[in-house]
DNA sequence: CAAAAAACATACTAATTAGTATGTTTTTGT
DNA sequence: ACAAAAACATACTAATTAGTATGTTTTTTG
């Protein structure tokens, strides 16, 4: 990899960590460059401004990371209900890039940014729609397979699952505990069973 | 009401509006006092610092406002499933103090504050536990009434419902639309029916 | 190899911020 | 009424911030 690309990725990775921990506005450029060996000149060579860097985090870090996991876990041989459950379980319990006390990076950004920054809204909408479509596709495949009831509204179900996931992350963040995750998974399993 | 108490409430109400719109950190004291007729001297007479004001918003605005609505809607004569559904429906669709594009005030604060401010964490935990306990009490009453299945884990269900509510708010905020609310309510109704 | 472009480094600026110092005015108790 | 306390007003400070101006070094290209 080219040296300048490494610099760029160093900035993005460190910025992602800081933003995941403290939020976008509270993560200063001085702090991002201070904790790496990058200087301000390099930062503004790679990014026009802070906003452009934020969008790059969504497009170049969040998007590939999660989409790969979605595809991997949803495309396995199990029934849709089982693979969706195992995806959510993986995200909540096993993924150790995510921390209970910090919640979901995408959800954090939605909360902080969408009311005042349209570029973030667009990038985040794009990201989330990708997830929703993967869930919907999985459900609809199940309906053709006869593993999911044909009366089920795949759109609403995907919406419901993503909502619950985000909310469980939020409750876990509040309580700094994975207990809300376990409770959520318990009810999710029952809910998914009813879709069969 | 005493004049000084009006000043205090003026500050709290304006600060709540600004924080609900822009977040805690992005709401400056200068802006809070600038858009009211209050001065900095008055602000720091009523509050030791910004944090103390933030906690007061949770305890004196958020807490009474929502708790009253919870009690009112959960204590009606319908079955628990119906009253819980109508509470969530009210919060999502009818409450016009809440705006689709701004999400849920409590959830916003949890996202922004809990990773770095313990006083906020405690106040928010307190608030949320109150809601959860009201939901749990409603469910358990239903179990005695035989309107809710005895096998149901009231704790997990309350957790699941609050999570879904928060997530739906987050999705609505992202899409700046109440469509995610409608989809969530549709699935919530099915889920609640399965508890009977 | 040399010129040009890419990549990075340093020092600065203007705006914004929470909080303070030091007052004046208003209310309250006697 | 009048002293004391409560309530409010104004001007300031020190720290932090995103972004810029102006360089130097490194890499690429002809």
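Protein chains in written order, with this note's numbering: chain A, 1 to 196; chain B, 197 to 392.
Just so it is clear, CB atoms sit at the ideal spot from N, CA and C, and this is done for glycine as well.
Remember, it's a predicted structure, so these values are computed and weren't measured experimentally.
Residue i vs residue j beta-carbon contact at 8 angstroms
i: residue 323 of chain B; j: residue 258 of chain B; result: yes
i: residue 160 of chain A; j: residue 390 of chain B; result: no
i: residue 100 of chain A; j: residue 178 of chain A; result: yes
i: residue 15 of chain A; j: residue 27 of chain A; result: yes
i: residue 276 of chain B; j: residue 22 of chain A; result: no
i: residue 270 of chain B; j: residue 283 of chain B; result: yes
i: residue 263 of chain B; j: residue 326 of chain B; result: yes
i: residue 303 of chain B; j: residue 117 of chain A; result: no
i: residue 246 of chain B; j: residue 215 of chain B; result: no
i: residue 251 of chain B; j: residue 315 of chain B; result: yes
i: residue 172 of chain A; j: residue 165 of chain A; result: no
Straight-line Cα distance separating residue j from residue i
i: residue 168 of chain A; j: residue 174 of chain A; result: 10 angstroms
i: residue 290 of chain B; j: residue 141 of chain A; result: 36 angstroms
i: residue 392 of chain B; j: residue 329 of chain B; result: 20 angstroms
i: residue 261 of chain B; j: residue 156 of chain A; result: 30 angstroms
i: residue 143 of chain A; j: residue 150 of chain A; result: 5 angstroms
i: residue 236 of chain B; j: residue 221 of chain B; result: 18 angstroms
i: residue 36 of chain A; j: residue 1 of chain A; result: 19 angstroms
i: residue 71 of chain A; j: residue 31 of chain A; result: 35 angstroms
i: residue 199 of chain B; j: residue 265 of chain B; result: 28 angstroms
i: residue 309 of chain B; j: residue 244 of chain B; result: 19 angstroms
i: residue 76 of chain A; j: residue 209 of chain B; result: 52 angstroms
i: residue 102 of chain A; j: residue 321 of chain B; result: 15 angstroms
i: residue 234 of chain B; j: residue 286 of chain B; result: 34 angstroms
i: residue 205 of chain B; j: residue 176 of chain A; result: 32 angstroms
i: residue 147 of chain A; j: residue 256 of chain B; result: 50 angstroms
i: residue 341 of chain B; j: residue 145 of chain A; result: 40 angstroms
Reference residue i; option with closest CA among the options
i: residue 138 of chain A; options: A/78, A/94, A/105, A/110; result: A/78
i: residue 105 of chain A; options: B/299, B/344, B/307, B/302; result: B/307
i: residue 158 of chain A; options: A/176, A/170, A/191, A/181; result: A/191
i: residue 109 of chain A; options: A/96, A/67, A/144, A/58; result: A/58
i: residue 385 of chain B; options: B/331, B/278, B/248; result: B/278
i: residue 203 of chain B; options: B/213, B/372, B/319, B/241; result: B/241
i: residue 34 of chain A; options: A/47, A/11, A/52; result: A/11
i: residue 359 of chain B; options: B/341, B/331, B/345, B/347; result: B/331
i: residue 293 of chain B; options: B/319, B/205, B/213; result: B/213
i: residue 248 of chain B; options: B/281, B/319, B/227, B/280; result: B/319
i: residue 187 of chain A; options: A/85, A/60, A/176; result: A/85
Beta carbon proximity, residue i to chain A, threshold 8 angstroms
i: residue 339 of chain B; result: no
i: residue 387 of chain B; result: yes
i: residue 286 of chain B; result: no
i: residue 310 of chain B; result: yes
i: residue 246 of chain B; result: no
i: residue 222 of chain B; result: yes
i: residue 363 of chain B; result: yes
i: residue 306 of chain B; result: yes
i: residue 369 of chain B; result: yes
i: residue 263 of chain B; result: no
i: residue 297 of chain B; result: yes
i: residue 217 of chain B; result: yes
i: residue 238 of chain B; result: no
Coil, strand or helix - residue i by DSSP
i: residue 116 of chain A; result: coil
i: residue 334 of chain B; result: helix
i: residue 194 of chain A; result: coil
i: residue 347 of chain B; result: coil
i: residue 237 of chain B; result: helix
i: residue 53 of chain A; result: helix
i: residue 221 of chain B; result: coil
i: residue 232 of chain B; result: coil
i: residue 78 of chain A; result: coil
i: residue 95 of chain A; result: coil
Proximity test, Cβ basis, 8 angstroms: residue i and chain B
i: residue 9 of chain A; result: no
i: residue 107 of chain A; result: yes
i: residue 198 of chain A; result: This structure gives no information on residue 198 of chain A, because the portion of chain A shown stretches from 1 to 196.
i: residue 164 of chain A; result: yes
i: residue 134 of chain A; result: no
i: residue 83 of chain A; result: no
i: residue 96 of chain A; result: no
i: residue 180 of chain A; result: yes
i: residue 156 of chain A; result: yes
i: residue 126 of chain A; result: no
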